[in-house]
Structures are given as C-alpha cells and as structure tokens.
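Numbering-wise (full-length UniProt numbering), the sequence shown opens with residue 1 and increments by one.
The structure under discussion appears below in the form of structure tokens.
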Amino acid sequence: MLRFLRCIGEAVAAKGLRMLAGLAPMGEQLYDIANDAIRRYRMLHAEDQLRSDFEAVIQAAPEVVQAEADAIAADVLMFHPDEEIARLTQFLNHIPAVARQSLRRPENPQGTTIPSHADLLDPKQISGLLPTRLPTFQSGQSVPHAPQWRLVKLLGTGGFGEVWLAQHSFLDDQRAFKFCLDPVARDRLLRYEGEIVRSVMRTSQFVRADQHGIVPLLDAYLEGDFPWLAYEYIHGGDLSGVIRSISKRSPFQRGEIAYQCLKRLAKIIGSFHTQTTPIIHRDLKPANILLKPIANGQHLLKVTDFGISQIAADHEIQQLTRSTPRQTLGATYRGSYTPLYASPQQKRGHRPDPRDDVHALGIITWQLLIGDLEAERPAGRWRRRLADYQIPDAFLELLESCWDDDPSERPANAAELAAKLQSCPVTGKPPATAPVANVAPPPPEPEEPSPATPAREFAQPVPPQPVEEAPPAATASESDGVPIQIPIKGRWYAAALDDFDWKKVCSTPADVIVRPSEHYRLDVSRSITDKAMARFQELESLTNLTDVSFKKCLQFSESSLEFLTKLTSIMDLSFDGCLQITDDAIAIIKPLHRLVDLDLSECEEITDQGIAHLREFPDLMILDIRDCSKITDRGLELLQSLSKLQYLYLEGFRHITDESLKILSRLSQLIVLDLTDCQQITDAGLAHLIACQQLESLDLSFCAEITDTGLMQLTQLPKLETLTIINCKNISISGMNQFREVLPKCKIRIS
1 MLRFLRCIGE AVAAKGLRML AGLAPMGEQL YDIANDAIRR YRMLHAEDQL
51 RSDFEAVIQA APEVVQAEAD AIAADVLMFH PDEEIARLTQ FLNHIPAVAR
101 QSLRRPENPQ GTTIPSHADL LDPKQISGLL PTRLPTFQSG QSVPHAPQWR
151 LVKLLGTGGF GEVWLAQHSF LDDQRAFKFC LDPVARDRLL RYEGEIVRSV
201 MRTSQFVRAD QHGIVPLLDA YLEGDFPWLA YEYIHGGDLS GVIRSISKRS
251 PFQRGEIAYQ CLKRLAKIIG SFHTQTTPII HRDLKPANIL LKPIANGQHL
301 LKVTDFGISQ IAADHEIQQL TRSTPRQTLG ATYRGSYTPL YASPQQKRGH
351 RPDPRDDVHA LGIITWQLLI GDLEAERPAG RWRRRLADYQ IPDAFLELLE
401 SCWDDDPSER PANAAELAAK LQSCPVTGKP PATAPVANVA PPPPEPEEPS
451 PATPAREFAQ PVPPQPVEEA PPAATASESD GVPIQIPIKG RWYAAALDDF
501 DWKKVCSTPA DVIVRPSEHY RLDVSRSITD KAMARFQELE SLTNLTDVSF
551 KKCLQFSESS LEFLTKLTSI MDLSFDGCLQ ITDDAIAIIK PLHRLVDLDL
601 SECEEITDQG IAHLREFPDL MILDIRDCSK ITDRGLELLQ SLSKLQYLYL
651 EGFRHITDES LKILSRLSQL IVLDLTDCQQ ITDAGLAHLI ACQQLESLDL
701 SFCAEITDTG LMQLTQLPKL ETLTIINCKN ISISGMNQFR EVLPKCKIRI
751 S
C-alpha cells in the first residue's frame, strides 16, 4: 500500500476538488494540499518513515500506481460524481512522473530517490513534487501529426504546456516533445515566433553540438490545436539539482563551480547574442539548463528551450499578476520560477534585450555560490556573506553588474560577459582551514575551438552526498565555561551576548560548554513528543538560553509547554507551523515574561483571545502572526496594549480592510509592517498609516488595489527606507518615479 499517496488523495479530496475542476488556482492549492497531506501522515505514521514511503510512490511500477490511484479515488470520493473521481485518479497517477522529474540530479539522474538534505515536512518542498496541472495527453498516445512517435511518460508540466518523452515506433530513438497548449501562447507561437524557431533549428542542424551548447531542436509542428517542438532527450537532470546538491559543500568548492558554470553558460548564450539577428533566450533559469551525462560520471551543460523560451517567460510573468506568494513556492523549489531571474525591464514588458539574459545568469551564479535555489538577488552588504569564499573582488564586481537595475551597467551581452570573465582571476587557493571531503576536482577550463579540435564542454562534477560531521565533544577543562548536558534532540547554537550571529555548535542531545559571555539557541527536533518535552525541566538552571524554536513540531501537546515555563530567560520563541497551538498555549507560557520575539505564523487556531493573552509580555517587540486567519479587527485592537511592538507580520490576512489599518495606525512605534497578500487594502487604508511615523519598512506585495495615489500618500513617512510592492499591478512606473523624487533614499522592491 502506498501510504503517502493515500494521504495526498485524502488531502486533495478535502482541499483540492475545485482546483482539479479548474475553478481555483492550482499553485496555492498545492501548498495547502501538501500541508494537509503531511499533517494526515504524521497523525497515522512515524514521520521518519515519510521518506521511504514517498520513495515507494516514486519507485512503484506504473500498473501499481494506477491500481492504487483507482482505489484511493474511489474510496475518498465514494459518493462524488464519476468525473471528480476520474480527475483525482489522473492527478494521483501522475505524481511519480512529476516527482521523478523534479528530483533528477547528477548523482541520481532517474530521480528515483529523495536527497538526504530534502525536508519532507516542509509543504513547500512537497508541493514542488506534485503535478501543476492535469495532463492533456496519456501514455501510449501517438504524437499529433507524427504518428511514428508514441508518448511514453510525462516529463513535466508548465504554465502553458506539457513535456513528454516519446519513443519512435521502429527506430531506437527517443525525443522530448514540448506541447504548447495555452491558447494565447499557441497563437503567438504560430504567428510570431516561427522564424525564431526555424533559426534555432538551423543552428542545431549545421553547428556541432559540442560548440553551440544547446539542446538541439530536431523537429517542429506549428499548426493546429497541439503545436509541438521535438528536442533531443537529455536524462541527466538539470542545474537546480546541482544547486541543491552542492549546498553542503565548502564555500571554496561552490565558488569554483559557480565560476566555471558562469564561464560556460556565458559562452553558450553569447554565441546566440552575437548572431546577425541576435537570439535572446529570456527564460534562463536552473530548470532550463540540463546536464548531459558523459564518461566518468561527468556532465555537460546544455541550455534548452531556445525558440519558445520568450513565450514561456512572458506567460509566467503575466501569471505573476494573478498569483499569490504560495502559488510560487513549488516553482521556486524546482528552479523554474521565471520572475526570480527576470530583469526589471522584462517584468515591465520592455522589448527583449541580451542584457535580460545577463541578469538571469547573474542570479543563477549567485544561487550556485551560496547553494540556495530560492535565493533572490542579494541586497545590502551581501559581500560579507562571501568572506570565506576566497573570491577576488574583480569577479564580485562583475557579478554585481550582471543584476544591476540599470541595464546600461550590465555587460552588453553574454559574449561581453564571457570576455570579461577571461580577464577575471579564477578563485584563489582554498583556505587552509577548508574541510577535507571526498569530492570531485573543480571542473576543467573549456578549451577554445580550433579547426582541427572541437571545443570541449565544461564537465560538471557529480556532487557527493553531504557527510554529517560529528558534534564536538565538550570538556570540563575549558576555563571560561562549564559543561552542561542538553538532553533534548535538536541543534544547539551560540552567539556573543551583544549580537545574534548564531553559529552552530552541535546537534543534541550532547554535552556543551556554557560561557557567561554567550547566549544560546535551541532549534528543537520536529519529532519531539510530550515525554521529551518533560526534559526541559533539566535546563532550569540554564540562565542564558534565550532562543527556542519549535518550528513545524507537531507531535507535542500544548499541555507539555508547562515544562518550558521555568526557563524564564527565553526571549525569542517560535511556534512557526505548529498547527496544534491554540489560545491555551499562549496562556500557558505567560510566565515567560521576558519574551521579546514571538512567532505564531501558520498557527491557524489562534484567535482574538490568544492575542488578549499577549498583554502578559510587556517587552514584546516582534510579533509574527502570518496566516492566523481567525484573528479579527478586535484582535488587532488588543495589540495596542503592546507599547513596545515594533515589528508586525500580517501576511495572508486577506480579511482585513482599510478599517483594520485605521486600528494599526495606533501602533505608533512600528518600524516594520508586513501586509503581504492583504488583498482588500486600498489607497484609503494607506492614508491611516501616515500616523506610523517611525515606519522604516513596509511590504504591500500582492495588494492589488493599491494605486499611484496610495503610493504618494506614503511619502509622508519620513523614515521609510524599504517599500516592497511586488505584483501591485495598479502602480505605474511614473508613480514610482514620482515617489522617488520625494523619498529618494527609500528603496522600492518590485521583485
């Protein structure tokens, strides 16, 4: 029995039937479905079995999945119409194929296992492994207008189409067929993009594959209801798998890989930018950079989707205006979220420019450098983060120019970027303290092509599985501290008393050294139970444990929080994603009167009564109640008792109105206010916020009713330093320019 598949089926039945019928946005629903499926699984099974149970789904034979999907859908939708049962069956049946496609990576190109670093209790990551649409085609069908090709399996779905692996009926040949199914995109492909497709095909046919570095476009049919493009099938995964796999490598090793990848990609893209009629990709992202396996476990970088990428990118950016933050999470995890890599000019609908591709290459390189597929363009003092990377300033200067808002500051095209990289020194020698690990050597420098010798593509080393380091053993001989046993499973961090630059000390349980010059943080394991919670009593004498996080811990009951109340040194407490937390929990922790920072995000059962209990924490400065949808205006009024409150996070409060902002305006000490996805807010509501004269950061992302009028009202906030207006589609460029004239020092974030 595929236990996790059943949990997904039950979650879809509870939360996703409108989605399957096309009546609700699929992206946002997938997050809720993933969250509910995880919750159902943890109620019935041990969470440490989730990985093996999900892998069983991924690895199951098609006939087994089909039988299970049929049985699950018939069971959970017993009294529902046949068409709903059929849609759920189809959704469940395609989960293994979609998950395998997302999990492909150099060390497992088939995508049949889940990486050790994957967090399967994170709904965002699970939603990235679920189908984003019900497929139009089925395995075994012939390709329209190419009957010699038969569809074998679904490789992926996107905003405007599907990708299928097809097998030739009598030749031993396979191809990847991309079908354009969105009506608007299909019309554009037929009317406007045909010549670009033909140009790319000519390049694929007459230039050696080892020189042009793209996935060859082998055939195309641009007529009828199902136009398609046929590409060489590359089965080695894509760059998103590499970024996730190298996250545990040393900074120096990531720097080497990032540098070499950028050199190779700039060379590939530059060859198209410098054609007589430049071809601009405009949808460069990790999911569109494939890895072709070669000898010795190495891989060649291959850029795909030339010819249709601009249609795909424009389609996804247009979808951004109708998306909510949760709808983007799965795509971000898959490395396929176009707006993350798109230039500001591309998002505003400007004409294609080679510098759009340069911008995307910069963001991709940044993600490789830090090993984070979800990283956005860095801001502020980002170079400090790279202090251990041994990367020369010249390379960092060039990288920063790639993502500059002003296109004139970027290299003119990828060929110019490649030329500038030649003059940039490669990363220096690894620091003497670099950890020793069993890793492949850095990729070799690609050779320049000559008439007699074809160019050798950059070969990407296979990232190894991360190796867990043993926690350091504490000794009583250290003169500036005393040993103490931490009996609770989790991670132990330390920082100097005067800062919050947390450094991991070890995994617990373990003996640690406690010093009077430091304070400590404990991130509790998600598997903690009431029995384990009782052991917090053993830490009563620990007076400098200031931070405790129970993020996503679902297996303890509220009553066990009594064991925490003797630790009165706690100042920062997180219950992020603890669905069992209710108003009673806040009442129980009242003895923690020193609380400064409380995170209740996604604690969906918190009501106004819970907010009333917060008056017991007079020093509270930071409150995160994102997605606590049961809190009303009455609860917001109760926040006035928190005279020191400076940071308030209300993302997802879709029910609050302009009247709610009138209430919030009485919180005169607010410095940071997050109103992301508060969709009912209008310009009239923003007028109330003028009373918050200390406000330095305001997030209005996805508040679609805000216009230039509301924007100009915010110029009366003299201390405003950061204003985020992602997807505020009624704010114009001229409105932003007028705002900047009044508040030139305020940074506006639109992506």
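Ideal Cβ placement from N, Cα and C applies to all residues, glycine included.
Fair warning: this is a prediction, and the values are worked out from it, not measured in the lab.
Item: Contacting residues, own chain, Cβ-Cβ under 7 Å from GLN345 (five flanking each side not counted); Value: ASP353, ASP356, PRO407
Item: Start-end ranges of the alpha helix (DSSP H) lying completely within the region 216–301, minimum 4 residues; Value: 239–245, 251–273
Item: First through last residue of the beta strand (DSSP E) which encompasses GLY161; Value: 161–168
Item: Length of the line joining the Cα atoms of residue 752 and LEU229; Value: Residue 752 is absent from the model: the chain starts at 1 and stops at 751.
Item: Contacts around ALA266, its chain only, beta-carbon distance under 7 Å, and the 5 residues preceding and following it disregarded; Value: LEU361, ALA414, LEU417, ALA418, LEU421
Item: Sub-7 Å separation of PHE550 and VAL524 beta-carbons; Value: yes
Item: LEU290: CB within 6 Å of a non-hydrogen atom of the ligand SAH; Value: Among the components modelled here there is no ligand, and therefore nothing to report on the ligand SAH.
Item: Contact set for GLU232: own chain, Cβ-Cβ below 6 Å, skip 5 residues either direction; Value: VAL215, PRO216
Item: Sub-7 Å separation of LEU291 and HIS281 beta-carbons; Value: no
Item: Bridge partner(s) assigned by DSSP for PHE500; Value: PHE500 is not bridged to any residue.
Item: Boundaries (first-last residue) of the beta strand (DSSP E) holding HIS688; Value: Taken as a continuous stretch (DSSP letters only), HIS688 belongs to no beta strand (DSSP E), being part of the alpha helix (DSSP H) at 683–688.
Item: Close beta carbons around THR682, own chain, < 8 Å, minus the five adjacent residues each side; Value: ASP658, GLU705, ILE706, GLY710
Item: Cβ pair count under 8 Å reaching 3, the region 711–719 against the region 684–694; Value: yes
Item: Three-pair Cβ contact test at 8 Å for the region 537–545 versus the region 554–574; Value: yes
Item: C-beta contact flag for ILE246 and GLY371 at 7 Å; Value: yes
Item: Per-residue burial, ALA342 [other beta carbons within 10 Å of its own, 16 or more giving buried]; Value: buried
Item: ILE576 versus GLN125 - alpha carbon distance; Value: Contrary to the premise, residue 576 reads as Asp rather than Ile in this sequence. Their Cα atoms are separated by approximately 16 Å.
Item: Whole-angstrom distance between LEU698 and GLY735, CA atom to CA atom; Value: 17 Å
Item: PRO135 vs GLU162 beta-carbon contact at 7 Å; Value: yes
Item: PRO509 and ILE486 closer than 7 Å at C-beta; Value: yes
Item: Identified DSSP bridge partners for ALA494; Value: LYS503, TYR520
Item: Nearest-angstrom Cα separation, counted from ILE663 out to THR157; Value: 44 Å
Item: Inter-stretch contact (C-beta, 8 Å, three-pair minimum) for the region 4–19 and the region 27–41; Value: yes
Item: Alpha carbon of GLU409 to alpha carbon of LEU262, nearest angstrom; Value: 18 Å
Item: Residues that DSSP places opposite TRP149 in a beta bridge; Value: HIS168
Item: Local conformation of CYS180 per DSSP, three classes; Value: strand
Item: Rounded separation between LYS347 and VAL76 - CA only; Value: 42 Å
Item: Identity of the residue in GLU63, VAL482, GLY610, LEU623 nearest LEU595 by Cα; Value: LEU623
Item: ARG105 (DSSP reduced to helix, strand or coil); Value: strand
Item: Reduced DSSP category for ALA704 - H, G, I as helix; E, B as strand; rest coil; Value: coil
Item: Given 8 Å, three or more beta-carbon pairs between the region 2–9 and the region 87–100; Value: yes
Item: Chain-order list of residues whose beta-carbon lies under 8 Å from that of MET1 (same chain, five-residue window excluded); Value: GLU68
Item: Assumed close pair SER517, ALA532 - CB separation to whole angstroms, cut-off 8 Å; Value: Incorrect: roughly 29 Å between the Cβ atoms, too far for contact.
Item: Rounded straight-line distance, which links the Cα of GLU741 to that of LEU301; Value: 45 Å
Item: Of the listed residues LYS489, HIS80, GLY490, ALA494, nearest to GLY481 (C-alpha basis); Value: ALA494
Item: Own chain, CB closer than 6 Å to SER142, minus 5 neighbours either side, in chain order; Value: ARG150
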